[in-house]
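Residues 45 to 214 (the working numbering) make up the sequence shown, in order. Using N, Cα and C, we set each Cβ at its ideal position, and we do this for glycine too. Read the structure below first, then the notes.
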Amino acid sequence: MPRVTKPISDALNDQINRELESAYVYLAMSAWADGKNLRGAAGWLRLQWEEELQHATKLIDYIAGRGGTVDLKAITKPPARYKDLLDVFRQVLKHEEAVTAAINALYGKAARARDYATQALLDWYVNEQVEEENTPAEIIAMLELAGDTPPGLLMVDQHLGERSRAAPGA
Ligand code: MG
């Protein structure tokens with residue numbers, strides 16, 4: 045496989061930072077949810093944290109595998125406090141939409157450079173982002189239906205907790 049070019053590896057390094065930043069955001073949200081006794085949501089967000097670390101690692105391995113230089117950058121501090129669980133998932137969706145835009149821009153860069161190997165790698169991320177946006181959108185809809193009632197919130201939290209028990213990464 046030919047070496048990855050500097051402009052592409054720079055762009056991939058920026059994406060590693062975004063994935064690690066995502067991981068950090070999910071970890072902060074998980075800790076907040078745990079503090080509010082929303083154990084199901086905390087577990088869901090913790091699994092998401094692990095997924096984001098995998099997204100970053102996959103890019104790290106790819107750059108290294110194509111003879112590029114992995115250049116880790118500082119990660120922005122995530123918020124420690126959230127208004128409520130609806131606020132958390134609205135922020136998740138907004139965050140993932142920004143990640144999708146970044147991946148699309150990266151894909152465009154690889155396409156213009158005719159870097160087919162990077163495009164093939166990014167196909168996986170393009171697909172992943174569909175789920176990364178759909179899932180929080182569904183959770184937001186559920187939370188909006190449940191409203192501010194404690195039974196509704198408990199029901200959603202229980203539903204989110206099923207992910208941790210059933211299939212990690214599902
Ligand atoms: Mg990600």
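Task: Helix, strand or coil at Asp131 [DSSP, three-state] - done: Here residue 131 refers to the residue found at position 87 when the sequence shown is read from its first residue. If DSSP states are grouped into helix, strand and coil, Asp131 belongs with the helices.
- [ ] Decide if Gln98 is buried, meaning its Cβ has at least 16 other Cβ atoms within 10 Å, or exposed.
- [x] As a first step, residue 98 must be located in the sequence shown, where it is residue number 54. Gln98 should be labelled exposed.
Open item on the list: Using 7 Å as the threshold, is the C-beta distance between Pro122 and Tyr68 below it?
Closed with: Taking the sequence shown and counting its residues from 1, the one referred to as residue 122 is at position 78. Taking the sequence shown and counting its residues from 1, the one referred to as residue 68 is at position 24. A contact, by the Cβ cut-off of 7 Å.
TODO: Verify whether the separation of the beta carbon atoms of Ile52 and Ala157 is less than 7 Å.
DONE: Residue 52 sits at position 8 when you count from the first residue of the sequence shown. Residue 157 sits at position 113 when you count from the first residue of the sequence shown. Contact: yes.
- [ ] Determine contact between the stretch 121-140 and the stretch 62-80, defined as no fewer than three beta-carbon pairs at a distance below 8 Å.
- [x] yes
TODO: Check whether the Cβ of Glu177 sits closer than 6 Å to any heavy atom of ligand 1, and report yes or no.
DONE: What you label residue 177 is simply residue 133 of the sequence shown in a count that begins at 1. False, no ligand heavy atom lies under 6 Å from that Cβ.
- [ ] Could you pull out every residue in the same chain whose Cβ sits closer than 8 Å to the Cβ of Gln173, ignoring the five residues on either side in sequence?
- [x] Indexing the sequence shown from 1 puts residue 173 at position 129. Cβ neighbours of Gln173 beyond the five flanking positions: Glu140, Val143, Thr144, Ile147.
- [ ] Return yes when the Cβ of Ala100 is within less than 7 Å of the Cβ of Leu56, no when it is not.
- [x] Numbered from its first residue, the sequence shown carries residue 56 at position 12. Numbered from its first residue, the sequence shown carries residue 100 at position 56. The answer is no: Cβ separation not under 7 Å.
- [ ] Can you grab the Cα-Cα spacing for the pair Leu129 / Glu177, in whole Å?
- [x] The residue labelled residue 129 in the question sits at position 85 within the sequence shown. The residue labelled residue 177 in the question sits at position 133 within the sequence shown. Straight-line Cα distance between these residues: approximately 17 Å.
Task: Coil, strand or helix - Lys153 by DSSP - done: Counting from 1 along the sequence shown, the entry for residue 153 is found at position 109. Lys153 falls in the helix class under three-state DSSP.
Open item on the list: Starting from Thr101, trace the alpha helix (DSSP H) in both directions and tell me its first and last residue.
Closed with: In the sequence shown, residue 101 corresponds to position 57, counting from 1. That run of the alpha helix (DSSP H) goes 83-109.
- [ ] Mind reading off the beta-carbon distance from Tyr106 to Leu165? Whole number of angstroms is fine, and I expect it under 8 Å.
- [x] Within the sequence shown, residue 106 is the residue found at index 62, counting from 1. Within the sequence shown, residue 165 is the residue found at index 121, counting from 1. With a Cβ gap of about 5 Å, Tyr106 and Leu165 count as contacting.
TODO: Let me know the secondary structure DSSP gives Pro194 once reduced to three states.
DONE: Indexing the sequence shown from 1 puts residue 194 at position 150. Pro194: helix per DSSP, three-state reduction.
Task: Where Asp115 falls, given that 16 or more other Cβ within 10 Å makes a residue buried - done: The residue given as residue 115 occupies position 71 in the sequence shown. Exposed: under 16 other Cβ atoms inside 10 Å.
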